[in-house]
Amino acid sequence: MADNEVVADEANQDQAGEVALAEAGGADRLDLNVDIKDVGPCKKHISVTVSAGDIEQLRNDTISDLSRETAVPGFRAGKVPERLLAKRFRKEIADQLKQKILLQSLEQVSEENGLDPINEPELDVENLEVPEDGDFEYEFEVEVRPTFELPDYSGITIRRPIREISDDDVTQARERFLSQYAQVAPYDGAAESGDYVVCNLEFTHNGEVIREMEEVTLRLRPTLRFWDAEVVGFDKLLDGAKPDDERETEVAISKEATDVEMRAEKVQIKFKVLDVKRVELPELDEAMLGRIGAETVDQLNEMLKESLDRQVSYEQRQKTREQVLEKITESANWDLPEGLVRKHVDNALRREILEMQQAGFSRQQIMARESQIRQQSLSTTQQALKEHFVLDKIATVEDIECTGDDIATEIYYMAMQQGENPRKLRSRLVKNGMIENLEAQIRERKAVDFILSKATFEDVEMEDLLSDSVETVNRSITSSIQDTEVNADEESAESED
Numbered sequence: 001m002a003d004n005e006v007v008a009d010e011a012n013q014d015q016a017g018e019v020a021l022a023e024a025g026g027a028d029r030l031d032l033n034v035d036i037k038d039v040g041p042c043k044k045h046i047s048v049t050v051s052a053g054d055i056e057q058l059r060n061d062t063i064s065d066l067s068r069e070t071a072v073p074g075f076r077a078g079k080v081p082e083r084l085l086a087k088r089f090r091k092e093i094a095d096q097l098k099q100k101i102l103l104q105s106l107e108q109v110s111e112e113n114g115l116d117p118i119n120e121p122e123l124d125v126e127n128l129e130v131p132e133d134g135d136f137e138y139e140f141e142v143e144v145r146p147t148f149e150l151p152d153y154s155g156i157t158i159r160r161p162i163r164e165i166s167d168d169d170v171t172q173a174r175e176r177f178l179s180q181y182a183q184v185a186p187y188d189g190a191a192e193s194g195d196y197v198v199c200n201l202e203f204t205h206n207g208e209v210i211r212e213m214e215e216v217t218l219r220l221r222p223t224l225r226f227w228d229a230e231v232v233g234f235d236k237l238l239d240g241a242k243p244d245d246e247r248e249t250e251v252a253i254s255k256e257a258t259d260v261e262m263r264a265e266k267v268q269i270k271f272k273v274l275d276v277k278r279v280e281l282p283e284l285d286e287a288m289l290g291r292i293g294a295e296t297v298d299q300l301n302e303m304l305k306e307s308l309d310r311q312v313s314y315e316q317r318q319k320t321r322e323q324v325l326e327k328i329t330e331s332a333n334w335d336l337p338e339g340l341v342r343k344h345v346d347n348a349l350r351r352e353i354l355e356m357q358q359a360g361f362s363r364q365q366i367m368a369r370e371s372q373i374r375q376q377s378l379s380t381t382q383q384a385l386k387e388h389f390v391l392d393k394i395a396t397v398e399d400i401e402c403t404g405d406d407i408a409t410e411i412y413y414m415a416m417q418q419g420e421n422p423r424k425l426r427s428r429l430v431k432n433g434m435i436e437n438l439e440a441q442i443r444e445r446k447a448v449d450f451i452l453s454k455a456t457f458e459d460v461e462m463e464d465l466l467s468d469s470v471e472t473v474n475r476s477i478t479s480s481i482q483d484t485e486v487n488a489d490e491e492s493a494e495s496e497d
């Protein structure tokens, strides 16, 4: 998606739609009567009538095929009377005939009308029956790719962020890294930025308490983010707080919150402080170095510098990619079905997490991005789909493909970063349906790289490389349904671990 990494199972859906509408084989053309109506953006309602003559011919072909393949006592193969076959194998013939008619007619409808499906047609096959006499009529709806002209993507100007990693950067990165092994101890004093506070939270709307959260541990960072709202200036709000202190603020609920009636509404939040805790970093002695897999402090610093370099590359790639996508979708004013957008929200999130894992971002940083994506999911994913369609078309025009070597290389580096066997990682990606996501991601990245290879760059200094500015609460203020879902996901992940 770029902040909008494109949808995850789009590759699966494309393949399913193409198979359903365009892989029946090269039989004779049918005498079809086809009526196509637009019933929404990128959505067609299609009525098909197959003539009685074609049905009779296909029925005879089906019986002939069955005669050659079926053994009936008292008859040699191929010599069974068709009347006997039609009587004895009535259901089998009807099922095979229906399959032949649907496959052949769907292929023909797709080819003759230039349909490019993105998912399987909405067709109730089980309840369709081919009549003994007369025409056969059926109808279905299918979502298709949008049609559009590609913009000029050669020679665009891109502002490219750059950053040389300094000793101060490495020192900050070391402290952040060691905080993973730190002890969080009760602190007898006022809370400061970076400290933890244990709070009871009370959410009020129009004077009525709509939700409470008890004993939530929060780190004082500039932004506190829920799934459907965020508190800006959170560290300043609770700066100096001690146990029994109360602080209040007001937030606006996201315009894409699950609870439609609460979208854009103002909610008051009361924080009652129960406890203050402070991070105590471990001493970087020989035992600690051994625990983290480094022999010396210098070696640890070098490892951290390499990690920072990867993050710089990631941010550089993301920022340049964002600009590319913004420029190539400026004229993308075509709409998409809302159902398609919603269906891809979760997969868009999975792809973003995948890229951040590859770049070595911490779990806290990933969680912060995850909550942001959930808040903006609908509008973000709609933009991501447009980016996908444009990049996919550019890749097709420029003959850009994802090869087996591309996938193998990507999986190898992912496995190295995660300390995992590449074969096991591939197996898990296949099992989870992520291998197609990875393939689509690589192909689109290569399309962006192609555009960047023709671009003109203006270098600008990168800022805020090491900023941990967001504290995340994986809960919704206005809905408890999502909390149940995420708790189930977390329990499932823990059981897998």
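Numbering-wise, the sequence shown is residues 1 to 497 according to the UniProt record's numbering. Built from N, CA and C at the ideal position, the CB exists for glycine as well.
Of Ala332, Asp228, Ala241 and Pro117, the smallest CA-CA separation from serine 254 is found for Asp228. For the pair glutamate 141 and asparagine 33, the Cα-to-Cα distance works out to about 16 Å.
DSSP, read as helix, strand or coil, puts valine 109 in helix. Counting only unbroken stretches of 4 or more residues, the alpha helix (DSSP H) elements lying wholly within the region 241 to 311 are 286 to 292, in sequence order. Distance from the Cα of arginine 317 is smallest, within the candidate group Arg68, Met356 and Val345, for Met356.
Only exposed fits tyrosine 412, as fewer than 16 other CB atoms lie within 10 angstroms of its CB.
A straight-line Cα-Cα distance of about 17 Å links leucine 308 and methionine 414.
By the CB criterion at 7 Å, aspartate 235 and valine 273 fall outside the cutoff. When C-alpha distances from alanine 252 are compared across Asp259, Glu230 and Arg176, the shortest belongs to Glu230. For alanine 455, there is no enclosing beta strand (DSSP E), as DSSP marks it with neither H nor E.
For valine 209, the CB contacts under 8 Å within the same chain, skipping 5 residues up- and downstream, are Glu202 and Phe203 in chain order.
The distance from the Cβ of glutamate 111 to that of histidine 45 is about 19 Å, inconsistent with a contact at the 8 Å cut-off. For glutamine 183, the uninterrupted beta strand (DSSP E) run begins and ends at 183 to 186, by DSSP. Comparing alpha carbon positions, the residue from Asp464, Leu385, Gly419 and Ser476 closest to asparagine 347 is Leu385. In summary, serine 166 is exposed, with fewer than 16 beta-carbon neighbours lying within 10 Å of its beta-carbon over all protein chains present.
A contact is defined here as three or more CB-CB pairs under 8 Å, and the region 283 to 298 fails this definition with respect to the region 260 to 268.
Within the region 377 to 422, the complete alpha helix (DSSP H) runs of at least 4 residues fall at 377 to 397 and 404 to 418. In the pairwise beta carbon analysis, the region 414 to 431 is classified as not touching the region 125 to 132: fewer than three pairs are separated by under 8 Å.
In the three-state reduction of the DSSP assignment, arginine 428 falls in the helix class, which pools H, G and I. With contact defined as three or more Cβ pairs closer than 8 Å, the region 151 to 160 and the region 57 to 69 are not in contact.
Valine 448 has its alpha-carbon roughly 11 Å from the corresponding atom of glutamine 441. Around the beta-carbon of asparagine 206, fewer than 16 other beta-carbon atoms lie within 10 Å, marking it exposed. The way I'd put it, the region 279 to 296 does touch the region 170 to 180; three or more beta-carbon pairs between them come closer than 8 Å. The beta carbon of alanine 294 is closer than 6 Å to those of Leu300 in its chain, skipping five residues each way along the sequence. Straight-line measurement puts the Cα of glutamate 387 at about 21 Å from the Cα of threonine 456.
One thing to note: leucine 224 has its Cβ no nearer than 7 Å to the Cβ of cysteine 42.
Within the region 111 to 171, the runs of beta strand (DSSP E) at least 3 residues long that lie entirely inside it are, in chain order, 136 to 143 and 157 to 162.
Taking C-beta atoms as the reference points, valine 341 and threonine 381 count as a pair closer than 7 Å. The C-beta distance from valine 144 to isoleucine 162 rounds to 42 Å, too long to meet the 8 Å contact threshold.
Contact between valine 184 and lysine 277 holds: their C-beta atoms lie close to 5 Å from each other, under 8 Å. Straight across, the Cα-Cα distance linking glycine 134 with serine 51 is about 7 Å. At the C-beta level, leucine 66 and leucine 85 come within 7 Å of one another. In this structure, DSSP gives arginine 219 an extended state, which the three-state scheme calls strand. The C-beta of valine 260 has fewer than 16 other C-beta atoms within 10 Å across all chains shown, which makes the residue exposed. In terms of Cβ geometry, leucine 237 and threonine 249 form a close pair [threshold 7 Å]. Valine 198 carries a strand assignment under DSSP once its states are collapsed to helix, strand and coil.
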